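Engineer: Residue numbers (my numbering): 18 to 109.
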Ligand SMILES: [Zn+2]
Ligand SMILES: [Zn+2]
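#1: Would you decide whether residue 71 is buried or exposed? Buried here means 16 or more other CB atoms lie within 10 Å of its CB.
#2: Around the Cβ of residue 54, are there at least 16 other Cβ atoms within 10 angstroms (buried) or fewer (exposed)?
#3: Can we say the region 49-68 touches the region 22-38, given the rule of at least three CB pairs closer than 8 Å?
#4: Report whether the distance from the Cβ of residue 1 to the nearest heavy atom of ligand 2 is below 7 Å.
#5: For ligand 1, is there any heavy atom lying closer than 7 Å to the beta carbon of residue 47?
#6: With three or more beta-carbon pairs closer than 8 Å as the criterion, would you say the region 69-87 touches the region 95-106?
#7: Can you confirm whether residue 54, when its beta carbon is compared against all beta carbons of chain D, has any partner nearer than 8 Å?
Pasting the structure below:
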């Protein structure tokens with residue numbers, strides 16, 4: 018779990034409780050009780066983004082790698098590029 022923290026008192030791992038969207042605001046101080054030692058600790062949230070990049074030859078003058086989509090019903094399937102997800106027929 019990416020929300021796991023270590024209790025500053027007893028060192029036991031806790032999962033941050035995000036019920037009702039609690040604890041998602043950056044630069045706010047939140048508090049939670051350790052489920053193990055029952056001390057209250059405070060925490061701040063920092064949201065980090067994760068990006069994954071890959072080459073897309075079809076966006077650089079290459080051919081799109083069109084494959085049929087797994088749409089149901091099959092008659093509605095379109096050809097879609099597996100690399101950039103562009104549907105055949107659309108050109109941006
Ligand atoms: Zn604790
Ligand atoms: Zn493509």
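Think of the CB as a built atom: it goes at the ideal place given N, C-alpha and C, for glycine as much as any other residue. Only a predicted model underlies this, so the values are computations on that prediction, with no experimental measurement involved.
Structural biologist: Let me lay it out:
#1: exposed
#2: exposed
#3: yes
#4: It is not possible to answer for residue 1, since the shown part of the chain is limited to 18 through 109.
#5: no
#6: yes
#7: Judged by its chain identifiers, the structure shown contains no chain D, having just a single protein chain.
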